[in-house]
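See structure below.
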Amino acid sequence: MVNLDPTTYGPAFWGSHFGYSDFDSFAAAAEPLLDGFSIGPVSLPTEVLARAAWYSPESTLGSYLIVRFGLASNAANQPTIGSLIGSLINNAYTAAGENTMAQLIVPDCFQVAIEMSTGSRSVFNVIGVRSAGGTAAGAAAAVKGAWEGGSSTPLGRLPNQVVMVNYRATDISSANGDIVDLPSTTAGSVSTSTISTAAACALIGWNGGSRSRTSRGRLYYGPQPENYVNSDGRTLSTTAISAITATFNSFLSSLSTANYPLVVLSRKLQSATPVTVATVEATIATQRRRIRS
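Here my numbering is used: the first residue of the sequence shown is 3, the next is one more, and so on.
Here you go:
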């Protein structure tokens with residue numbers, strides 16, 4: 003169980019992410035959004051609810067306010083809702099110390115979260131890259147250039163209903179590495195087909211040329227356009243497999259050219275394995291696990 007000091011963790015979170023330096027200013031913004039909340043048949047004063055969220059941003063009330071505050075802000079530098087929730091989770095793990103999973107630290111490496119949206123839904127993927135002497139800003143820029151730099155890139159082969167939101171690069175070479183956000187509003191390039199039924203994804207497999215599990219990774223690539231899925235509703239067409247394979251080979255090359263080659267990060271070994279092979283599974287990948295056999 004995560005063990006947080008509520009007297010310091012909560013106020014620090016609201017202050018750093020939303021600028022509420024004291025409870026009074028926080029309550030003034032939160033209480034109108036909490037009016038009408040109840041716990042079972044019991045209605046509680048909004049001040050009580052606000053104070054509970056103030057000290058426990060990881061609670062249901064706190065998570066609700068994170069979303070509402072994020073939606074209410076139109077500031078250009080406002081973090082996305084997804085990155086705020088991710089930051090909240092990361093802060094909770096860090097504050098818990100020995101009670102949680104060990105922090106991932108791999109020299110010269112960066113984790114980059116790729117956030118897209120389609121309609122009201124967010125699509126996230128996280129990859130690893132490595133560069134001796136590199137920076138979080140450089141990692142974000144390298145991934146952005148490889149992911150959306152044309153119609154043959156991973157973003158370019160997705161339907162134009164898919165729109166980029168943000169690239170978040172975290173320097174994992176130390177416990178206090180930099181975090182850099184690089185927003186984007188670029189859309190997919192496919193306009194001749196709509197998003198496939200059930201938002202089917204292609205499952206991309208990474209491999210570092212070894213049978214070891216620590217050298218293998220995967221990425222859910224989608225949602226795919228409808229014309230990429232066969233009439234059986236469960237497999238990708240041969241044309242799609244060929245195009246996606248070429249796309250991700252180019253993606254690997256682009257990252258290498260930018261001196262931020264793709265790697266598989268191992269939490270168990272605290273190590274990074276260079277990716278040498280990208281494969282595409284024929285069976286579509288979705289949350290409906292029964293599709294895969």
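From the three backbone atoms N, C-alpha and C, an ideal C-beta is built for every residue, glycine too. Here the structure is a predicted model, which is why all the values come from computation and not from measurement.
Helix or strand or just coil, what does DSSP make of residue 76? Since pLDDT at residue 76 reaches only 47, below the 50 mark, its modelled position is unreliable, and the value read off the structure follows with that caveat. Coil.
Is the region 252 to 272 touching the region 124 to 136, taking contact as three or more C-beta pairs under 8 Å? The region 252 to 272 makes contact with the region 124 to 136: 3 or more CB pairs, one atom from each, lie closer than 8 Å.
Using the Cα positions of residue 207 and residue 17, report the straight-line distance between them to the nearest angstrom. Taking the straight line from one Cα to the other gives about 40 Å.
Could you tell me which of 20, 53, 15 and 22 sits nearest to residue 33, measuring between CA atoms? 53
Could you spell out the range, first to last residue, of the alpha helix (DSSP H) harbouring residue 117? Here residue 117 belongs to no alpha helix (DSSP H); instead the beta strand (DSSP E) covers 111 to 120.
How about residue 156 and residue 197: are their beta carbons less than 9 Å apart? no
Residues near residue 106 in its chain [Cβ-Cβ closer than 8 Å; skip 5 each side]: 113, 174, 267, 269 and 272
Residue closest to residue 248, alpha-carbon to alpha-carbon, out of 62, 279, 222 and 59: The shortest CA-to-CA distance from residue 248 to any of 62, 279, 222 and 59 is the one to 279.
Buried/exposed call for residue 241, threshold 16 Cβ in 10 Å: exposed
Hey, residue 190 and residue 159: beta-carbon distance below 9 Å or not? yes
Is residue 30 buried or exposed, if buried means 16 or more other CB atoms sit within 10 Å of its CB? exposed
Alpha carbon to alpha carbon, what distance is there between residue 141 and residue 24? 35 Å
I'd like the list of long-range same chain contacts for residue 251, defined as Cβ closer than 7 Å, with 5 residues on each side in sequence excluded. 280
Below 8 Å on the Cβ atoms is my guess for residue 209 versus residue 218; work out the distance and round it to an integer in Å. 5 Å
I need the straight-line Cα distance from residue 176 to residue 144, nearest angstrom please. 20 Å
Could you check the C-alpha separation between residue 292 and residue 286 for me, to the nearest Å? Confidence in residue 292 is poor, its pLDDT being 44 and thus under 50, which makes the residue's placement too unreliable to answer from.
Hey, could you find the ends of the beta strand (DSSP E) residue 246 is sitting in? No beta strand (DSSP E) holds residue 246; the alpha helix (DSSP H) holding it covers 240 to 259.
Would residue 203 and residue 224 be called neighbours here (beta carbons separated by less than 9 Å)? Contact flag set, yes.
Would you tell me roughly how many angstroms separate the C-alpha atoms of residue 221 and residue 283, rounded to the nearest one? 11 Å
Residues in its own chain within less than 6 Å of residue 125 by CB, not counting five upstream and five downstream? 118
Taking 9 Å as the cut-off, decide whether the C-beta atoms of residue 231 and residue 239 are in contact. yes
Rounded to whole angstroms, what is the Cα-Cα separation between residue 56 and residue 28? Cα-Cα distance, rounded: 8 Å.
For residue 171 and residue 182, which I take to be in contact (beta-carbon distance under 8 Å), what is that distance rounded to the nearest angstrom? 5 Å
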